[in-house]
Ligand SMILES: Cc1cc2nc3c(=O)[nH]c(=O)nc-3n(C[C@H](O)[C@H](O)[C@H](O)COP(=O)(O)O)c2cc1C
């Protein structure tokens, strides 16, 4: 028996940027379910090549400071850096996604581990959507900046970016449906 409700919700997932997110963000119980869903992503040998770092409440101010420093170090002026800092404050909950890829693994090459990281991200975001929350995965120059990488990562890890999460203040813009990508499936 097909669960039409879950499938309809799945097909309706869209991203919504932090400027359209308001309180409340996912609480601890919702977050635990989202992390469980992330763990259900296909993951060769269960290496768990991704981990999450929660930024919420007062920690958002520290992230804002970091964004401001990174912006100034990247040559942005004070006004632009302040805008970047403000982005860190907007989302009720931010989850940094850190990849820990074992480049020398004898059985699971790096590309398979990266796919597992992506799968976990998709599962987490879908679970958030099914629980009634909205959000968006973001990266950009800030995620790649050495100051920001160092603040989130141990040696050998890579900060992929942030999932910003909260309650939608407006409906996300509808995007093309799942049948809109010609060439996504061919016969061999
Ligand atoms: C790893 C990763 C990083 C991303 N970084 C950004 C970003 O910095 N800015 C952005 O606008 N979208 C970024 N995106 C894309 C959005 O998260 C989103 O998937 C895209 O806007 C499509 O929207 P949809 O999820 O509603 O289809 C990123 C996606 C991934 C998977």
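In our numbering, the protein residues as written are -16 to 171.
Note that beta-carbon positions come from the ideal geometry of N, C-alpha and C, so glycine has one too.
Per the DSSP calculation, residue 131 is bridged to which residue(s)? Paired residues: none, contrary to the question.
Measuring CA to CA, which of 107, -11, 47 is closest to residue 80? Minimum Cα distance to residue 80 is reached at 107.
Exposure label - residue 48; buried when at least 16 CB within 10 Å: The C-beta of residue 48 has fewer than 16 other C-beta atoms within 10 Å across all chains shown, which makes the residue exposed.
Give, in chain order, every unbroken run of the beta strand (DSSP E) that is at least 3 residues long and sits entirely within the region 28 to 93. Listed in chain order, they are 33 to 39, 76 to 82.
Distance, residue 124 Cα to residue 171 Cα: Rounded to the nearest angstrom, the two C-alpha atoms are 39 Å apart.
Test item, CB below 6 Å from any non-hydrogen atom of ligand 1: Per the Cβ criterion, the list is -3, -2, 119, 120, 121, 122, 123, 143, 144, 158.
Which residues does DSSP list as the beta-bridge partners of residue 139? According to DSSP, which records beta bridges pairwise, residue 139 is partnered with nothing at all.
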